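Contents: one structure, followed by commentary.
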Amino acid sequence: MPRRSQPSRLWPVVAVALLLFLVNLPMGHYWWTNHRLDADGEVASATVTHAKSVGSRHYVDFQLPADVDPDRRTYSTELTESAYDKATETDLVEVTYLPGTPSTNRVVGYLPPGRVGLWLTLLADLAILAMFVLMLWVRRHDVLEIVATRDVVRCKPDDTIEDLPDGQVLVRGDVLEIDDEHLLLTCGGKKVRVVLAGFENPVGHQQPAQAQGRRVPRR
Numbered sequence: 001m002p003r004r005s006q007p008s009r010l011w012p013v014v015a016v017a018l019l020l021f022l023v024n025l026p027m028g029h030y031w032w033t034n035h036r037l038d039a040d041g042e043v044a045s046a047t048v049t050h051a052k053s054v055g056s057r058h059y060v061d062f063q064l065p066a067d068v069d070p071d072r073r074t075y076s077t078e079l080t081e082s083a084y085d086k087a088t089e090t091d092l093v094e095v096t097y098l099p100g101t102p103s104t105n106r107v108v109g110y111l112p113p114g115r116v117g118l119w120l121t122l123l124a125d126l127a128i129l130a131m132f133v134l135m136l137w138v139r140r141h142d143v144l145e146i147v148a149t150r151d152v153v154r155c156k157p158d159d160t161i162e163d164l165p166d167g168q169v170l171v172r173g174d175v176l177e178i179d180d181e182h183l184l185l186t187c188g189g190k191k192v193r194v195v196l197a198g199f200e201n202p203v204g205h206q207q208p209a210q211a212q213g214r215r216v217p218r219r
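Numbered according to my numbering, the sequence shown spans residues 1 to 219.
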């Protein structure tokens with residue numbers, strides 16, 4: 001029988017790291033952009049091309065000077081009420097931008113994201129970490145335990161957990177741990193603790209073994 005490949009132990013860590021990266025990407029990008037603008041940004045006066053208010057929120061479209069942004073692209077931002085009033089009076093806004101990358105910019109008086117986004121990100125991080133800890137706990141404690149009814153023997157590489165009559169279980173898998181009283185097998189990603197109960201185990205660490213015994217009820 002061909003041996004089934006066992007799932008990598010690293011994939012949960014990789015999956016959690018990827019989820020955390022995706023969840024924190026927007027907030028991380030926002031902080032990194034502000035850091036770059038604070039460190040290397042230059043200031044220019046941009047022309048307001050359009051302004052509008054929606055309820056208590058105020059938005060402007062603007063264009064940077066041609067020597068800063070030769071493409072004269074139009075950018076948009078949300079402003080505080082006082083900054084919006086000044087922009088509509090003068091048709092100008094002061095903009096901090098990165099030389100050579102004018103699309104990375106920040107208008108003086110812009111309205112930064114509220115704390116809602118930060119709290120949502122933190123809650124999502126905590127939820128992901130909690131699920132990861134729960135998964136590790138389940139994997140650590142989800143162990144099938146059997147009391148051997150015959151000697152452990154060597155076998156061909158295999159992953160098998162087979163229920164037999166009279167509450168017996170036949171297990172084939174790789175040996176993970178060995179001591180005088182028990183051994184731990186892995187079978188298709190599931191761990192099986194075999195209590196030797198006086199029976200022999202001639203199989204070494206990381207070698208395929210076959211064990212048979214009675215299932216121990218979960219406590």
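Note that beta-carbon positions come from the ideal geometry of N, C-alpha and C, so glycine has one too.
Here the structure is a predicted model, which means the values were calculated and not measured.
Quick one: using the 10 Å Cβ neighbour count with 16 as the cut-off for buried, is residue i buried or exposed?
| i | result |
| --- | --- |
| residue 21 | exposed |
| residue 162 | exposed |
| residue 102 | buried |
| residue 207 | exposed |
| residue 159 | buried |
| residue 173 | buried |
| residue 106 | buried |
| residue 83 | buried |
| residue 87 | buried |
| residue 109 | buried |
Keeping to the same chain, check which residues put their C-beta closer than 7 Å to that of residue i; ignore five residues upstream and five downstream.
| i | result |
| --- | --- |
| residue 119 | none |
| residue 149 | 168, 212, 213 and 214 |
| residue 68 | 44, 97 and 102 |
| residue 224 | With the chain covering 1 to 219 only, the question about residue 224 has no answer from this structure. |
| residue 164 | 170 |
| residue 66 | 72 |
| residue 16 | 128 and 132 |
Smallest Cα separation from residue i: which of the options?
| i | options | result |
| --- | --- | --- |
| residue 72 | 111, 52, 165 and 47 | 47 |
| residue 182 | 23, 145, 33 and 89 | 145 |
| residue 96 | 151, 170 and 35 | 35 |
| residue 27 | 153, 113 and 106 | 113 |
| residue 152 | 100, 175, 11 and 187 | 175 |
| residue 210 | 171, 178 and 202 | 171 |
| residue 197 | 180, 76 and 203 | 180 |
| residue 89 | 76, 111, 51 and 202 | 51 |
| residue 39 | 104, 147 and 61 | 104 |
State the Cα-Cα distance for the pair residue i and residue j, rounded to the nearest angstrom.
| i | j | result |
| --- | --- | --- |
| residue 57 | residue 85 | 12 Å |
| residue 199 | residue 132 | 38 Å |
| residue 216 | residue 157 | 25 Å |
| residue 59 | residue 25 | 25 Å |
| residue 166 | residue 194 | 17 Å |
| residue 81 | residue 70 | 30 Å |
| residue 64 | residue 55 | 27 Å |
| residue 154 | residue 19 | 41 Å |
| residue 12 | residue 135 | 9 Å |
| residue 130 | residue 30 | 26 Å |
| residue 4 | residue 188 | For residue 4, the pLDDT reaches just 38, beneath the cut-off of 50, and the residue's location in the model is therefore unreliable, although a value from the coordinates is still provided. Looking at the two C-alpha atoms, the distance is approximately 7 Å. |
In its own chain, which residues sit with a C-beta less than 8 Å from the C-beta of residue i, not counting the 5 before and 5 after it?
| i | result |
| --- | --- |
| residue 142 | 190 and 191 |
| residue 23 | 121, 124, 125 and 128 |
Going by the CB atoms, is the gap between residue j and residue i shorter than 8 Å?
| i | j | result |
| --- | --- | --- |
| residue 41 | residue 98 | yes |
| residue 92 | residue 53 | no |
| residue 43 | residue 78 | no |
| residue 33 | residue 74 | no |
Only counting the same chain, and skipping five residues up and downstream in sequence, which positions put a Cβ closer than 6 Å to that of residue i?
| i | result |
| --- | --- |
| residue 186 | 173, 174 and 176 |
| residue 201 | 152 and 183 |
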